[in-house]
Ligand SMILES: Cc1cc2nc3c(=O)[nH]c(=O)nc-3n(C[C@H](O)[C@H](O)[C@H](O)COP(=O)(O)OP(=O)(O)OC[C@H]3O[C@@H](n4cnc5c(N)ncnc54)[C@H](O)[C@@H]3O)c2cc1C
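Given below as structure tokens:
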């Protein structure tokens, strides 16, 4: 007698870069009937569409419309044969193979295999009033990152989640248009902060002649990049007349941004201050490392629960340092997708070995970009067009 095994449930949480790749792969497989996956697949996503971070500065600078930088997750799910659960993940209980989501109501979902690609939150621990963290921090507090990242200061705009940021950016533009003088500060020292500050400068220049954009970046500007690349970036910041404050920001209230030694009159503050694990990581039984990231091995598999996988900014590799970036979410995600399918079929999994050099292209606001590939640096309008070509290839992959 043939015994039919019940279908397994594969739950994908978050429509990050890796899961977009997975949905595209499932959709292509369905079209060609090439890959059979014996599982019910569900995707938990807060939004029916997702904003592509790589093109966000280009949208701010006016080079793209919002629809140019959005990916339609709802239709992608339909094409991939995946059920979309439009809710937010709030809890992962790995011991009982269960996640909890919120939307209109709180719901529990059971899974056989779980894949996490929910990204991370903006690290707001630099703010003096973020739940009293600085005053009460002890070594044992480090694990409780979800709790410490909550902050009361709603005047500071965090770059993540991007869906909220795009609304707040439009409010900034409106306020800048209506103000006689407008002063904006971007806080952060990484590539995202640099792209944002130059995009903001280009956008504000077009609507308010009497404005000033300031980058507050501390002492470690672009610390992961070579010094030649850093010098090129500084020249571009200079070309754009951006004020650089090499001090740490500590607080913002009543229109004043406090840094280590200064108090600057500022109308709005955007924080691109690195990433920290999302609130749900504070209460999960999955093994968590560092600032709230799911600890994974080279297969992108949780080190504590073998039926849970995580990739992109939500995860951290325990065997080697892999930067949190879209590039690694895409490439790690392709291997992770293979491994999810291999795990379901009980076959051999692959290891994700990042390339030693990654091409990084940084847009400079006005259709000009700087690139780095290992020790090689490039710049020019053609680099911006190369970036545009690569970004569009990613975003339009399923537009036929
Ligand atoms: C302005 C800017 C420019 C950047 N440019 C580059 C670049 O050029 N190259 C590069 O490599 N990196 C770049 N980065 C970094 C890059 O954006 C991140 O490293 C990358 O987005 C991480 O991808 P991810 O797949 O982990 O998740 P994300 O892209 O962050 O996606 C996570 C998704 O999960 C959803 N989600 C979050 N929480 C939940 C939840 N609880 N429940 C359900 N859904 C949830 C989110 O809404 C989102 O759709 C940039 C970042 C910024 C801010």
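Numbering (the numbering used here), first residue to last: 241 to 640. Glycine is no exception: its CB is placed at the ideal position from the N, C-alpha and C atoms. Note that this is a predicted model, so its numbers are computed, not measured.
- Query: What are the residues that DSSP puts in a beta bridge with residue 250?
  - Reply: Residue 250 is bridged to 281 and 353.
- Task: Would you mind reading off the limits of the alpha helix (DSSP H) that contains residue 333?
- Result: Residue 333 -> not in any alpha helix (DSSP H); beta strand (DSSP E) instead, spanning 328-333.
- Query: Helix, strand or coil: which one does DSSP assign to residue 627?
  - Reply: Here residue 627 carries a helix assignment [DSSP, helix/strand/coil].
- Message: Assuming residue 311 and residue 289 are in contact, meaning their beta carbons sit under 8 Å apart, how far apart are those beta carbons, in whole angstroms?
- Response: 6 Å
- Query: What is the DSSP secondary structure of residue 319, counted as helix, strand or coil?
  - Reply: helix
- Query: From 330, 516, 517 and 499, pick the residue whose C-alpha is nearest to that of residue 509; which is it?
  - Reply: 499
- Write down the C-beta distance between residue 542 and residue 550 rounded to the nearest angstrom, noting that I regard them as a contact closer than 8 Å. Contact flag correct, Cβ pair sits at about 6 Å.
- Task: Just the C-alpha distance for residue 460 and residue 434, rounded to the nearest angstrom, thanks.
- Result: 13 Å
- Query: residue 507: which of 481, 562 and 420 sits nearest, CA to CA?
  - Reply: Comparing Cα positions, the closest option is 420.
- Message: Which residues does DSSP list as the beta-bridge partners of residue 613?
- Response: 599 and 616
- Rank 280, 336, 427 and 478 by C-alpha distance to the C-alpha of residue 488 and give the top, closest one. 427
- Whether residue 329 touches residue 520 by CB criterion (8 Å): yes
- Rounded straight-line distance, which links the Cα of residue 481 to that of residue 490: 24 Å
- Hey, could you find the ends of the alpha helix (DSSP H) residue 459 is sitting in? In the DSSP annotation of this structure, residue 459 is not part of any alpha helix (DSSP H), being labelled neither H nor E.
- Query: Based on Cα-Cα distance, which residue from 613, 338, 286 and 631 lies nearest to residue 293?
  - Reply: 631
- Give me whichever residues DSSP pairs with residue 424 in a beta bridge. 453 and 508
- Item | Beta-carbon proximity of residue 517 to residue 301, cut-off 8 Å | no
- Message: Let me confirm a value: residue 255 is counted as buried when at least 16 other C-beta atoms fall within 10 Å, else exposed. Which label applies?
- Response: buried
- Message: Would you say the beta carbon of residue 286 is closer than 7 Å to some non-hydrogen atom of ligand 1?
- Response: yes
- Task: Look up residue 267 in the DSSP assignment and say whether it is helix, strand or coil.
- Result: helix
- residue 625 versus residue 295 - alpha carbon distance: 12 Å
- Would you call the CB atoms of residue 332 and residue 616 closer than 8 Å? no
- Task: Within its chain, find whatever has a CB closer than 6 Å to the CB of residue 378; leave out the 5 residues flanking it on each side and keep chain order.
- Result: The predicted position of residue 378 is uncertain, since its pLDDT is 38 and thus under 50; no value can be drawn from it.
- Tell me whether residue 637 counts as near ligand 1, meaning its Cβ is closer than 7 Å to at least one heavy atom of that ligand. no
- residue 582 in three-state terms, based on DSSP: helix
- residue 383 to residue 485 span [Cα, whole Å]: Per-residue confidence for residue 383 stands at a pLDDT of 42, beneath the threshold of 50, marking its modelled position as unreliable; no derived number is given.
- Query: Is residue 395 near ligand 1, going by C-beta to nearest heavy atom under 7 Å?
  - Reply: no
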